[in-house]
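Scroll down for the structure; my scribbles are underneath it.
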Amino acid sequence: MRVIIIGAGKIGFNIAKILVQEKHDVIVIEKDEERAKILMESLDIQVIIGNGASSSVLREAGINEANLVVAVTEIDEVNMIACMLAKNFSVDKTVARVRNPEYLEDNPEQSKRVLPGIDLVINPELVTAKEIAKLIDVPEALDVVYYGNGKIQLLELKITAEAPVANKYIKDLKFNYPYLIVSIFRAGKMMIPRGDDKLLANDIIFILAKTKEMIRIERLLGTEREKAERVMVLGGGFTGYHLARILEERKYKVTIIEKDYNRCLDLSNKLQNTLVIHGDATDIDLLKTESAEDADIFVCLTDDDKLNLLVSLIVKNLGTKRTIAQVRRSDYISLMQSVGIDVGISPRTLTANAILRFINKGNNVLSVTLLSNESAEMLEFIVQPDSKIINSKLRELNFPSGAILGSIFRKNQVIIPKGDDVILPGDMVTVFVLPKNKLRVLEYLNVEK
Amino acid sequence: MNYSKIAAALGGVLMAIGVSMVLPLIWSLYYGEHDWTTFLLCSVGTTFIGAIAYKSNNLEGSLNNKEALAVVSFSWIEASVFGAIPYLLSGTFTSFADALFETMSGFTTTGASVLTDVEVLTHGILFWRSLTHWLGGMGIIVLFVAILSTLGVGGMQMFRAEAPGPVTEKLKPRISETAKILWYTYLALTIAETLLLFVFGMPLFDALCHTFGTLATGGFSTKNASIGFYGNPLIHWVIILFTFLAGANFALHYQAFRGRSLKYFWRNAEFKLYTLIVLFSIALISIDLLSRVALPFETILRQASFQVISLITTTGYATADFNEWSLFSKALLVILMFIGGCSGSTSGAIKVGRILVLVKQSILELKQSLHPRAILSPKIDGKSITKEVLINIQEFFFIYIVIVGISVVIMAFLGLDLVSAFTAVAATLGNVGPGLAKVGPTQNYSFISDVGKYYLSFLMLLGRLELYTVLVLFLPSFWRK
Chain A
1 MRVIIIGAGK
11 IGFNIAKILV
21 QEKHDVIVIE
31 KDEERAKILM
41 ESLDIQVIIG
51 NGASSSVLRE
61 AGINEANLVV
71 AVTEIDEVNM
81 IACMLAKNFS
91 VDKTVARVRN
101 PEYLEDNPEQ
111 SKRVLPGIDL
121 VINPELVTAK
131 EIAKLIDVPE
141 ALDVVYYGNG
151 KIQLLELKIT
161 AEAPVANKYI
171 KDLKFNYPYL
181 IVSIFRAGKM
191 MIPRGDDKLL
201 ANDIIFILAK
211 TKEMIRIERL
221 LGTEREKAER
231 VMVLGGGFTG
241 YHLARILEER
251 KYKVTIIEKD
261 YNRCLDLSNK
271 LQNTLVIHGD
281 ATDIDLLKTE
291 SAEDADIFVC
301 LTDDDKLNLL
311 VSLIVKNLGT
321 KRTIAQVRRS
331 DYISLMQSVG
341 IDVGISPRTL
351 TANAILRFIN
361 KGNNVLSVTL
371 LSNESAEMLE
381 FIVQPDSKII
391 NSKLRELNFP
401 SGAILGSIFR
411 KNQVIIPKGD
421 DVILPGDMVT
431 VFVLPKNKLR
441 VLEYLNVEK
Chain B
1 MNYSKIAAAL
11 GGVLMAIGVS
21 MVLPLIWSLY
31 YGEHDWTTFL
41 LCSVGTTFIG
51 AIAYKSNNLE
61 GSLNNKEALA
71 VVSFSWIEAS
81 VFGAIPYLLS
91 GTFTSFADAL
101 FETMSGFTTT
111 GASVLTDVEV
121 LTHGILFWRS
131 LTHWLGGMGI
141 IVLFVAILST
151 LGVGGMQMFR
161 AEAPGPVTEK
171 LKPRISETAK
181 ILWYTYLALT
191 IAETLLLFVF
201 GMPLFDALCH
211 TFGTLATGGF
221 STKNASIGFY
231 GNPLIHWVII
241 LFTFLAGANF
251 ALHYQAFRGR
261 SLKYFWRNAE
271 FKLYTLIVLF
281 SIALISIDLL
291 SRVALPFETI
301 LRQASFQVIS
311 LITTTGYATA
321 DFNEWSLFSK
331 ALLVILMFIG
341 GCSGSTSGAI
351 KVGRILVLVK
361 QSILELKQSL
371 HPRAILSPKI
381 DGKSITKEVL
391 INIQEFFFIY
401 IVIVGISVVI
411 MAFLGLDLVS
421 AFTAVAATLG
431 NVGPGLAKVG
441 PTQNYSFISD
451 VGKYYLSFLM
461 LLGRLELYTV
471 LVLFLPSFWR
481 K
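Taken in order, these protein sequences are the chains called A and B.
Counted from 1, the first sequence has number 91 at position 91 by our numbering; the numbering is strictly sequential.
Counted from 1, the second sequence has number 67 at position 67 by our numbering; the numbering is strictly sequential.
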């Protein structure tokens with residue numbers, strides 16, 4: 001596939017990197033020479049210096065043979081125009097990053113209609129807000145992903161030292177509900193566990209189960225779910241606004257702290273039930289007056305990673321149960337999570353993920369999810385009649401290492417597979433893959449992308 | 001200020017009044033009554049004077065804000081003065097104070113009367129009395145704006161100065177089209193109610209007069225016993241329904257009709273509160289009545305509903321002498337007189353929309369003391385209310401209460417007892433009509449001195465034009481060049 005990426009910022013770079021790994025031809029258009037040079041030196045791609053919204057530059061990049069255009073510059077209008085032009089050159093798929101909510105409709109399908117020529121409109125702030133809202137619904141999880149029309153849930157959980165399952169062999173965990181621990185992340189390494197592996201305190205596990213049974217499984221794992229009610233948000237930018245709007249609809253009590261007075265007025269006019277506070281969140285008195293210690297979840301969304309970290313530590317110290325922080329530099333996430341922030345969220349990674357999910361969504365692949373800062377992937381696809389994996393018991397399959405079958409979704413029923421289960425054509429299955437084995441696994445599964 | 005433009009506009013309004021006098025003339029001729037000459041004379045005379053004023057002056061170009069306000073206030077005064085002439089010429093009244101009071105009460109849809117016996121009046125006079133309600137209900141200026149599409153921005157200013165409620169919404173890009181739509185909606189409801197009343201056994205003449213009285217939330221009847229005269233409970237229920245509708249925003253009626261859906265009503269916070277207040281009051285008064293009088297449940301429910309809706313919409317029709325009800329029920333009814341119907345309705349008083357904003361703002365003030373650094377903005381239907389509108393509403397409420405206070409003292413000075421004085425002021429300023437005690441539903445305002453009648457007429461005008469439009473004329477700077 002020939003892909004043109006316009007804008008070589010963090011998101012453009014991430015997408016280019018992953019697409020190159022997947023053996024696609026990537027051409028990047030970037031107007032800044034310095035940035036273009038860095039890109040050329042670090043990735044095996046073609047870089048063109050110029051304006052991506054110009055049709056001559058697009059022609060130079062070979063727009064006529066391109067299958068996909070991803071426009072992710074900092075400027076909304078450039079992205080929109082580039083995609084509209086690309087459609088005129090009959091490019092199959094176009095993706096544009098659009099941040100300003102004024103250009104968007106609430107419903108993505110409608111956005112497609114109001115912005116002709118753009119197949120996927122991606123709004124990083126909205127994506128981030130939705131992701132955080134998901135985490136607030138399941139506050140104990142580090143990550144939540146849904147499969148099979150929402151009936152299957154994948155949680156990323158941290159095993160505490162007091163958990164009843166700590167220091168036990170996985171094969172000894174006898175729960176009454178089907179579940180599967182697809183992976184353990186320990187000491188910076190992702191591994192697919194076997195029955196004779198032990199769960200240790202501070203392990204981060206990825207667990208799959210039926211969505212409606214997950215609460216009970218969590219209780220057995222010692223990560224009890226406590227329903228959050230009060231959410232405090234620091235920073236009333238676009239992300240804070242979207243998050244408050246989503247949480248309001250779900251009946252959470254939301255407080256936003258924002259230091260710009262005019263932005264406060266604007267938020268107060270636009271939001272219905274959110275309490276908007278004008279002030280500086282590093283002011284401990286303000287946090288006390290607004291009883292930050294009673295907040296179930298405190299979300300830091302300023303653009304400043306240091307401030308997010310500092311405020312998270314302050315409120316954690318005051319007694320807030322859980323903190324979620326936006327982290328601009330994704331390499332800091334694991335460090336920040338080790339000093340006190342419960343969950344670090346990188347908007348850029350999320351955006352890149354969302355775009356990749358759209359790109360990969362072809363033929364029979366339903367979704368691709370990058371997990372734990374790209375250290376693993378979850379594939380969801382429909383099994384074809386000519387696949388090697390059908391009609392024999394799972395234990396008899398020669399499943400490649402570095403991958404594990406997670407769940408089967410058949411006729412609206414969820415199956416958490418065991419050795420005796422059989423995959424049939426038409427099943428929707430999820431497979432957990434480590435990145436280095438990905439191509440081999442894809443080949444084995446005969447999944448077309 | 002361009003006096004020529006004002007005179008032209010006033011002339012235009014006067015012509016409309018003159019032409020409308022043809023309607024009582026027709027009824028007068030139909031019933032073969034002697035006073036048809038009165039209406040012929042008044043109609044021709046009024047139209048002629050209006051035409052001279054209109055033709056000899058020039059209404060070209062737009063009216064500015066000051067001119068628009070002056071036109072609105074003086075239109076109402078001239079309409080009441082000229083509208084009083086038929087009463088004087090036909091001999092219904094001998095004193096000008098009485099005639100002016102009755103006409104002002106008609107145009108402002110108050111429904112307070114100085115007549116002890118209306119059943120002796122001719123059909124022409126009765127029809128004119130009810131017609132003043134109908135014209136004043138949707139508004140003579142709104143009618144004028146609808147007819148004269150060339151007023152432009154000045155039309156918008158005039159429209160805003162007359163239309164009830166804190167915010168005036170445009171249904172169409174052009175103000176003249178908006179005014180037309182409102183009048184058509186009003187006309188459609190008028191036809192519907194007249195037909196229903198006629199079907200349920202009211203003679204056509206009475207049906208028309210009472211429809212005018214209900215939809216304008218006026219209150220003039222053709223019978224001494226008001227609606228109580230008619231025994232058919234269905235007639236009462238029809239009037240209850242239409243009074244309730246007249247107390248709602250006419251823009252909502254239009255939107256619901258155009259969208260063929262009732263959801264427009266339920267989405268409107270003001271309408272919801274209005275409905276809630278009405279239902280709650282009906283429930284309370286029904287319970288109160290049940291414990292005191294031995295009447296069938298339907299009768300009690302009907303009486304409670306009728307009186308509650310009649311008073312909250314500031315109509316003033318009665319099917320029961322609520323002056324005889326318990327203190328509790330009376331107190332509740334008096335509070336309703338202050339609340340009034342919705343913005344954009346034909347009702348008077350403070351309006352539910354303003355109450356809603358005040359309540360929300362009060363709650364926010366309490367919240368503010370808990371969160372000193374919070375930025376709070378009151379919202380209605382998801383839209384926030386601007387600072388200007390908020391201050392305007394708070395001021396309105398303050399001035400309203402101040403005027404009630406001063407006026408009660410004045411009426412007491414003129415010899416009324418406290419309950420009569422207080423309710424007479426509330427009933428005229430709120431365009432309700434009947435009050436309690438000496439001005440109760442079976443009484444009338446004839447015993448009050450001429451000075452008192454002029455003063456109450458002034459209150460009616462103040463209430464109908466929602467204070468500001470009239471009060472601004474008392475600012476010296478208004479008249480300065």
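All residues carry an ideal CB built from backbone N, CA and C; glycine is no exception.
Treat the numbers as computed from the prediction; the structure is a model and nothing was measured.
Check distances from the C-beta atoms of the segment 262-276 of chain A to those of chain B and list, in chain order, the residues that come in under 7 Å.
264, 265, 268, 269, 272, 275 and 276
is_contact[residue 279 of chain A, chain B] using C-beta, thresh 7 Å:
yes
Taking C-beta pairs closer than 9 Å, name the residues in chain A that residue 371 of chain B reaches, listed in chain order.
The answer, in chain order, is 255, 275, 277, 289 and 290.
Under 7 Å between C-beta atoms of residue 108 of chain B and residue 246 of chain B
no
Give the secondary structure of residue 183 of chain A by DSSP, where H, G and I count as helix, E and B as strand, and everything else as coil.
strand
Should the segment 81-94 of chain A be regarded as contacting the segment 42-58 of chain A, the criterion being three or more beta carbon pairs within less than 8 Å?
yes
Using the beta-carbon of each residue, which ones in chain A are nearer than 7 Å to residue 376 of chain B?
268
Can a CB atom of chain A be found closer than 7 Å to the CB of residue 347 of chain B?
no
Could you pull the DSSP bridge partners for residue 169 of chain A from this structure?
A/198
Is residue 79 of chain B buried or exposed, if buried means 16 or more other CB atoms sit within 10 Å of its CB?
buried
Leaving out five residues before and five after residue 138 of chain B in sequence, what residues of the same chain have Cβ atoms less than 7 Å from its Cβ?
182, 183, 186 and 346
Listing by chain order, which chain A residues have their CB less than 8 Å from the CB of residue 362 of chain B?
Those within 8 Å of residue 362 of chain B in chain A number zero; the least Cβ separation is about 17 Å.
Rounded to whole angstroms, what is the Cα-Cα separation between residue 20 of chain A and residue 40 of chain A?
Taking the straight line from one Cα to the other gives about 13 Å.
List the residues of chain A that residue 379 of chain B touches, going by C-beta distances under 7 Å, in chain order.
272
Paired residues, beta bridge with residue 430 of chain A - DSSP:
A/380 and A/407
Counting contacts by CB-CB distance shorter than 7 Å, is residue 384 of chain B in contact with chain A?
Yes, residue 384 of chain B counts as interfacial toward chain A.
Other residues of its chain near residue 8 of chain A: CB distance less than 7 Å, five sequence neighbours each side excluded
28, 30, 35, 36 and 39
For residue 4 of chain B, does the count of other Cβ atoms within 10 angstroms reach 16, so buried, or fall short, so exposed?
exposed
Three-state class that DSSP yields for residue 33 of chain A in the structure shown
helix
Excluding the 5 residues flanking residue 300 of chain A on each side, which residues of the same chain have their C-beta closer than 6 Å to its C-beta?
234, 308, 311, 312 and 325
Could you tell me the boundaries of the alpha helix (DSSP H) in which residue 355 of chain A lies?
347-360
So, with DSSP's three-state summary, where would you put residue 395 of chain B?
helix
Considering residue 141 of chain A, what are the terminal residues of the alpha helix (DSSP H) in which it resides?
Counting along the chain, no alpha helix (DSSP H) covers residue 141 of chain A, and no H or E run does either.
My output table needs one value for residue 21 of chain B: the three-state DSSP class, helix, strand or coil.
coil
Rounded to the nearest angstrom, how far is the Cβ of residue 321 of chain B from that of residue 441 of chain B, given a contact under 8 Å?
Their Cβ separation, rounded to whole angstroms, is 6 Å, which keeps residue 321 of chain B and residue 441 of chain B in contact under 8 Å.
Spatial neighbours of residue 358 of chain A in its chain, beta-carbon cut-off 7 Å, leaving aside the 5 residues before and after:
Its chain contains 95 and 120 as the residues whose beta carbon lies nearer than 7 Å to that of residue 358 of chain A, once the 5 sequence neighbours on both sides are disregarded; these appear in chain order.
Over what stretch of residues does the alpha helix (DSSP H) that includes residue 310 of chain B continue unbroken?
297-312
Start-to-end residues for the beta strand (DSSP E) that takes in residue 452 of chain A
Past the edges of chain A, shown from 1 to 449, lies residue 452 of chain A, and the structure says nothing about it.
Kindly provide the ranges of any beta strand (DSSP E) runs that are 3 or more residues long and lie completely inside the segment 259-316 of chain A, ordered along the chain.
275-278 and 297-300
Alpha carbon of residue 81 of chain A to alpha carbon of residue 177 of chain B, nearest angstrom
40 Å
In the DSSP assignment, find the alpha helix (DSSP H) that holds residue 115 of chain B and state where it starts and stops.
Unbroken run through residue 115 of chain B: none, as it is neither H nor E.
Give me the Cα-Cα distance between residue 432 of chain A and residue 173 of chain A, rounded to the nearest whole angstrom.
21 Å
Do the segment 212-224 of chain B and the segment 112-130 of chain B meet, that is, are 3 or more Cβ pairs less than 8 Å apart?
yes
7 Å Cβ cutoff met for residue 52 of chain A and residue 83 of chain A:
no
Put residue 449 of chain A into one of helix, strand or coil per three-state DSSP.
Bear in mind that the predicted position of residue 449 of chain A carries a pLDDT of just 46, short of 50, making it too unreliable to give a figure here.
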